[in-house]
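Engineer:
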Amino acid sequence: MKYLSVLIKPASSLCNMRCRYCFYRAIAEERTTSSYGIMPGEVLEATIRQVFEEAEESCAFGFQGGEPTLAGLDFFQKAIELQKRYNKKNITVVNYFQTNGLEINDHWAHFFAENKFLLGISLDGPSDLHNLNRLSFDRTGTYGRIIKNIEMLKKYGVEFNLLTVVTGYTSRKITKIYHCLSQISSYLQFIPCLDSLSKNPDITEFSMNTESFFRYYLQLFDLWYADLKKGKYVSIRHIDNLMGMLVGRSPECCALQGKCSLQMVVESDGGVYPCDFYVYDKWRMGNVSECSFQEMASSKIAKEFIADSYLLPKECERCPIYGLCRNGCKRERDINGKYMYCSSFKQFCMERWQELLDAASLWCNH
Numbered sequence: 003m004k005y006l007s008v009l010i011k012p013a014s015s016l017c018n019m020r021c022r023y024c025f026y027r028a029i030a031e032e033r034t035t036s037s038y039g040i041m042p043g044e045v046l047e048a049t050i051r052q053v054f055e056e057a058e059e060s061c062a063f064g065f066q067g068g069e070p071t072l073a074g075l076d077f078f079q080k081a082i083e084l085q086k087r088y089n090k091k092n093i094t095v096v097n098y099f100q101t102n103g104l105e106i107n108d109h110w111a112h113f114f115a116e117n118k119f120l121l122g123i124s125l126d127g128p129s130d131l132h133n134l135n136r137l138s139f140d141r142t143g144t145y146g147r148i149i150k151n152i153e154m155l156k157k158y159g160v161e162f163n164l165l166t167v168v169t170g171y172t173s174r175k176i177t178k179i180y181h182c183l184s185q186i187s188s189y190l191q192f193i194p195c196l197d198s199l200s201k202n203p204d205i206t207e208f209s210m211n212t213e214s215f216f217r218y219y220l221q222l223f224d225l226w227y228a229d230l231k232k233g234k235y236v237s238i239r240h241i242d243n244l245m246g247m248l249v250g251r252s253p254e255c256c257a258l259q260g261k262c263s264l265q266m267v268v269e270s271d272g273g274v275y276p277c278d279f280y281v282y283d284k285w286r287m288g289n290v291s292e293c294s295f296q297e298m299a300s301s302k303i304a305k306e307f308i309a310d311s312y313l314l315p316k317e318c319e320r321c322p323i324y325g326l327c328r329n330g331c332k333r334e335r336d337i338n339g340k341y342m343y344c345s346s347f348k349q350f351c352m353e354r355w356q357e358l359l360d361a362a363s364l365w366c367n368h
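Residue numbers (this note's numbering): 3 to 368.
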C-alpha cells in the first residue's frame with residue numbers, strides 16, 4: 003500500500019466524561035466485550051510494526067476513544083519511539099489525536115507540540131450549550147476546564163481544530179455556536195448527532211429531523227459565506243469539501259465519496275474493524291497480531307462492508323445534485339438505504355445554488 007491510515011483506540015470505550023449522546027458507548031454496550039481496557043504494549047507495537055511494513059510512501063496514526071488520554075502520556079511517548087524504530091523506509095508520518103480536552107496539561111501540550119500532533123478538541127459551543135450534553139463523571143459541565151486547556155494548547159503552539167456535535171436542539175442555536183467557535187479556532191467540524199443504530203428509527207432523542215437539518219445547514223453556510231466575503235476564511239470540513247467538488251476536486255471526506263473506504267479501526271485488544279461507526283462484533287475483520295492490514299482489507303467481511311455502501315436508491319440516479327451528496331455516509335442512511343437528509347440538502351442547494359457557485363470562486367482564492 004502506498005498510503006496506510008489506522009485509527010487506534012488506546013483506551014477502548016473507557017472515558018472520563020459522560021456525554022449524553024455518546025455513540026461509542028452505545029456501540030460498546032452491544033458488543034460481547036464492552037471495553038477491552040487499555041491497549042497492551044505488545045498490541046501497540048504490533049500495530050505500528052505492521053503499518054510500517056505495509057505502507058510504502060506515507061502513513062497516518064489516529065488516536066481516538068473513548069478518551070485516549072486515559073492510556074497515559076507514557077503510552078504515546080512509547081508510540082513515538084516505536085514509530086521511529088520501525089520507520090526504516092523513512093516514509094512520511096502523520097499523528098492526529100481526538101480528545102475531549104479534559105485532562106490536557108503542560109506535559110501533554112509540550113508532547114503534542116514537540117511531536118507535531120494535530121488535535122481535534124470536542125467543544126459544542128458556548129458554556130450553556132456545551133454543558134447540556136458534555137458532562138463530567140459527576141454530571142457537571144466541562145466547558146470551563148476545556149477552554150482553559152485550549153488556551154494551554156495555544157500557548158505551546160499545538161495545531162488543533164474543534165469538533166462540534168449538533169443535536170436537534172442545538173441546531174436552532176447555530177449562529178451563537180458559530181460565533182463562539184470561530185473566535186477560538188478557524189478550523190471547525192460540525193457533526194450531526196445520530197441516534198443509536200439499535201433504537202427504533204422513529205425515536206430521535208438527539209438527532210435533527212429534516213427541517214432542523216435544512217435550517218441548520220442553511221444558516222451555517224450563510225454565516226460562513228458572510229465571513230468569506232469579508233476576507234475571513236473559516237475552514238468547515240463539509241463546506242470545504244462541497245466547495246472543492248463544485249470546482250472539480252475529489253472530496254477527502256468519506257461521507258461524500260459515494261462509497262465507504264476502510265478506516266482500519268484498531269481496538270485496544272488488537273481487533274480491527276472497517277469504520278468507527280461499526281466497531282461491532284460482526285464487523286471484526288481480524289487482529290493485528292495475527293493478520294496483515296492487506297489481508298484484512300481483502301477479507302470477506304471487508305468486502306461485504308464496502309459492497310453494501312454502493313447500493314443506490316433509484317431516485318439518486320436522476321438527482322441533479324447527486325454529485326454533491328452521493329447519498330451521504332452509510333451510517334446516515336435510513337432503512338431503505340437513502341440519505342436521511344436527502345430532501346434537506348436538496349432544498350438547501352436549490353435555495354443557495356448561485357451563492358454556492360459564487361462562494362466556490364472565492365474559496366479557490368482564499
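We put the CB at the ideal spot given by N, CA and C, even for glycine.
How close, in whole Å, do the beta carbons of Ser263 and Cys256 come, if the pair is a contact with beta carbons under 8 angstroms?
Structural biologist: Stepping through the sequence shown from its first residue, residue 263 is reached at position 261. Stepping through the sequence shown from its first residue, residue 256 is reached at position 254. Yes, Ser263 and Cys256 are in contact; Cβ-Cβ is about 5 angstroms, under 8 angstroms.
Engineer: Going by the C-beta, is Leu248 closer than 7 angstroms to any heavy atom of the ligand GTP?
Structural biologist: For the ligand GTP, the structure offers nothing, since it holds no ligand at all.
Engineer: I'd like the span of the beta strand (DSSP E) that includes Ala115, first residue to last.
Structural biologist: As a working note, residue 115 is residue 113 in the sequence shown. Per DSSP, Ala115 belongs to no beta strand (DSSP E); it is in the alpha helix (DSSP H), Asp108 to Glu116.
Engineer: Are the beta-carbon atoms of Ile238 and Leu190 separated by less than 8 angstroms?
Structural biologist: The residue labelled residue 238 in the question sits at position 236 within the sequence shown. The residue labelled residue 190 in the question sits at position 188 within the sequence shown. For Ile238 and Leu190, yes; Cβs fall inside 8 angstroms.
Engineer: Smallest Cα separation from Val96: which of Gly127, Ala81 and Gly64?
Structural biologist: Translated into the one-based positions of the sequence shown, residue 96 becomes position 94. Nearest neighbour of Val96 by Cα position, chosen from Gly127, Ala81 and Gly64, turns out to be Gly64.
Engineer: I'd like the list of long-range same chain contacts for Leu16, defined as Cβ closer than 8 angstroms, with 5 residues on each side in sequence excluded.
Structural biologist: Mapped onto the sequence shown, residue 16 falls at position 14. Correct list, in chain order: Ser37, Gly39, Ile40, Gly67, Gly68, Glu69 and Leu72.
Engineer: Kindly indicate which residue of Leu222, Cys331, Arg136 and Gly250 has the alpha-carbon position closest to the one of Phe208.
Structural biologist: Here residue 208 refers to the residue found at position 206 of the sequence shown. The candidate whose alpha carbon is nearest that of Phe208 is Arg136.
Engineer: Drop a sphere of 10 angstroms on the beta-carbon of Gln185, count the other beta-carbons inside from all chains shown, and report buried for 16 or more, exposed for fewer.
Structural biologist: Position 183 of the sequence shown, counting from 1, holds the residue named residue 185. It counts as exposed.
Engineer: Please return the same chain residues whose Cβ sits closer than 8 angstroms to the Cβ of Phe350, not counting the five positions on each side in sequence.
Structural biologist: Here residue 350 corresponds to residue number 348 of the sequence shown, with the count starting at 1. Hits under 8 angstroms: Phe216, Tyr219, Leu220 and Phe223.
Engineer: List the endpoints of the continuous beta strand (DSSP E) containing Thr94.
Structural biologist: Counted from its first residue, the sequence shown places residue 94 at position 92. Residues Thr94 to Thr101.
Engineer: Using C-beta distances below 8 angstroms, list every residue in its chain close to His368, excluding the 5 sequence neighbours before and after it, in chain order.
Structural biologist: For the purposes of this step, residue 368 is taken as the residue at position 366 of the sequence shown. Result list for His368: Leu230 and Tyr235, in chain order.
Engineer: Rounded to whole angstroms, what's the CA-CA distance from Trp365 to Asp242? Just pull it up for me.
Structural biologist: If you number the sequence shown from 1, residue 365 lands on position 363. If you number the sequence shown from 1, residue 242 lands on position 240. Looking at the two C-alpha atoms, the distance is approximately 8 angstroms.
Engineer: Can the beta-carbon of Leu225 be found closer than 8 angstroms to that of Leu358?
Structural biologist: Along the sequence shown, one-based indexing puts residue 225 at 223. Along the sequence shown, one-based indexing puts residue 358 at 356. Result no, Cβ atoms of Leu225 and Leu358 do not sit closer than 8 angstroms.
Engineer: Can you tell me which of Leu120, Asp310 and Thr101 puts its alpha carbon nearest to the alpha carbon of Thr144?
Structural biologist: On the sequence shown, residue 144 is found 142 positions in, with the first residue counted as 1. Of Leu120, Asp310 and Thr101, the residue nearest in Cα terms is Thr101.
Engineer: Assuming the contact rule is C-beta atoms closer than 8 angstroms, Phe54 and Tyr88 should be a hit. Round their C-beta distance to whole Å, please.
Structural biologist: For the purposes of this step, residue 54 is identified with residue 52 of the sequence shown, where counting begins at 1. For the purposes of this step, residue 88 is identified with residue 86 of the sequence shown, where counting begins at 1. At roughly 4 angstroms, the Cβ-Cβ gap stays under 8 angstroms, so Phe54 and Tyr88 are in contact.
Engineer: In whole angstroms, what separates the C-alpha of Tyr180 from that of Tyr343?
Structural biologist: Within the sequence shown, numbered from 1, the residue matching residue 180 stands at position 178. Within the sequence shown, numbered from 1, the residue matching residue 343 stands at position 341. Approximately 21 angstroms between the Cα atoms of the pair.
Engineer: Would you mind reading off the limits of the beta strand (DSSP E) that contains Leu314?
Structural biologist: Looking up residue 314 in the sequence shown gives position 312. First-last for Leu314: undefined, no H or E at that position.
Engineer: Out of curiosity, what's the CA-to-CA distance linking Tyr280 and Arg335?
Structural biologist: As a first step, residue 280 is located in the sequence shown; it is residue number 278 there, counting from the start. As a first step, residue 335 is located in the sequence shown; it is residue number 333 there, counting from the start. Going from the Cα of Tyr280 to the Cα of Arg335 covers about 14 angstroms.
Engineer: Which of the three DSSP states, helix, strand or coil, is assigned to Gln85?
Structural biologist: Reading the sequence shown from its first residue, position 83 is the one you call residue 85. The three-state secondary structure of Gln85, taken from DSSP, is helix.
Engineer: Using 10 angstroms around the beta-carbon of Asp126, count the other beta-carbons present and answer buried if the total reaches 16, otherwise exposed.
Structural biologist: As a first step, residue 126 is located in the sequence shown; it is residue number 124 there, counting from the start. Result: buried.
Engineer: In three-state DSSP terms, what is Pro70?
Structural biologist: Within the sequence shown, the letter at position 68 stands for residue 70. In the three-state DSSP reduction, Pro70 falls in the helix class (H, G or I).
Engineer: What does a CB cutoff of less than 6 angstroms around Ser198 pick up in its chain, not counting 5 residues either side in sequence?
Structural biologist: In the sequence shown, the residue the question calls residue 198 occupies position 196. Correct list, in chain order: Ala28.
Engineer: Report the rounded CA-to-CA distance for Asn151 versus Cys318, giving the unit in angstroms.
Structural biologist: By one-based count along the sequence shown, residue 151 stands at place 149. By one-based count along the sequence shown, residue 318 stands at place 316. Straight-line Cα distance between these residues: approximately 45 angstroms.
Engineer: How many Å lie between Ile303 and Gly272 at the Cα?
Structural biologist: Within the sequence shown, the letter at position 301 stands for residue 303. Within the sequence shown, the letter at position 270 stands for residue 272. Cα-Cα distance, rounded: 17 angstroms.
Engineer: Leaving out five residues before and five after Gly339 in sequence, what residues of the same chain have Cβ atoms less than 7 angstroms from its Cβ?
Structural biologist: Locating residue 339 in the sequence shown gives position 337, counting from the first residue. Excluding sequence neighbours, Gly339 sits near Leu313 and Pro315.
Engineer: Where in the stretch 216-252 do unbroken runs of the alpha helix (DSSP H), each at least 4 residues long, occur, reported from the N-terminal end onward?
Structural biologist: 239-248, all fully within the stretch 216-252.
Engineer: Are Ser124 and Leu165 closer than 8 angstroms when you measure CB to CB?
Structural biologist: For the purposes of this step, residue 124 is taken as the residue at position 122 of the sequence shown. For the purposes of this step, residue 165 is taken as the residue at position 163 of the sequence shown. Between Ser124 and Leu165, the gap from beta carbon to beta carbon is short of 8 angstroms.
Engineer: Considering just the uninterrupted stretch of the beta strand (DSSP E) at Asn367, what are its terminal residues?
Structural biologist: By 1-based counting over the sequence shown, the position of residue 367 is 365. Counting along the chain, Asn367 falls outside any beta strand (DSSP E), and DSSP gives it neither H nor E.
Engineer: Here's the rule: buried if 16 or more other CB atoms are within 10 angstroms of the residue's CB, otherwise exposed. What is Trp110?
Structural biologist: Against the sequence shown, residue 110 aligns to sequence position 108. Counting C-beta atoms within 10 angstroms of its own C-beta, Trp110 has 16 or more neighbours from the protein chains shown and is therefore classed as buried.
Engineer: Rounded to a whole number of angstroms, what is the C-alpha to C-alpha distance between Thr35 and Arg286?
Structural biologist: Taking the first residue of the sequence shown as position 1, residue 35 is located at position 33. Taking the first residue of the sequence shown as position 1, residue 286 is located at position 284. Cα to Cα, the separation comes out at about 13 angstroms.
Engineer: Quick one: what's Leu121 bridged to in DSSP?
Structural biologist: On the sequence shown, position 119 is the one that residue 121 refers to. DSSP output for Leu121 lists Phe99 and Phe162 as bridge partner(s).
Engineer: With a cut-off of 8 angstroms on the beta carbons, I'd call Phe113 and Gln79 a contact; round off their distance for me.
Structural biologist: The residue given as residue 113 occupies position 111 in the sequence shown. The residue given as residue 79 occupies position 77 in the sequence shown. Their Cβ separation, rounded to whole angstroms, is 7 angstroms, which keeps Phe113 and Gln79 in contact under 8 angstroms.
Engineer: Using the three-state DSSP reduction, which class does Arg354 fall into: helix, strand or coil?
Structural biologist: Locating residue 354 in the sequence shown gives position 352, where the first residue counts as 1. Correct three-state label for Arg354: coil.
Engineer: Measuring CB to CB, does Ser301 end up less than 8 angstroms from Lys11?
Structural biologist: Here residue 301 corresponds to residue number 299 of the sequence shown, with the count starting at 1. Here residue 11 corresponds to residue number 9 of the sequence shown, with the count starting at 1. No, Cβ-Cβ distance for Ser301 and Lys11 is not below 8 angstroms.
Engineer: Hey, would you say Ser60 sits closer than 8 angstroms to Thr212, going by beta carbons?
Structural biologist: The residue given as residue 60 occupies position 58 in the sequence shown. The residue given as residue 212 occupies position 210 in the sequence shown. No. Outside cutoff.
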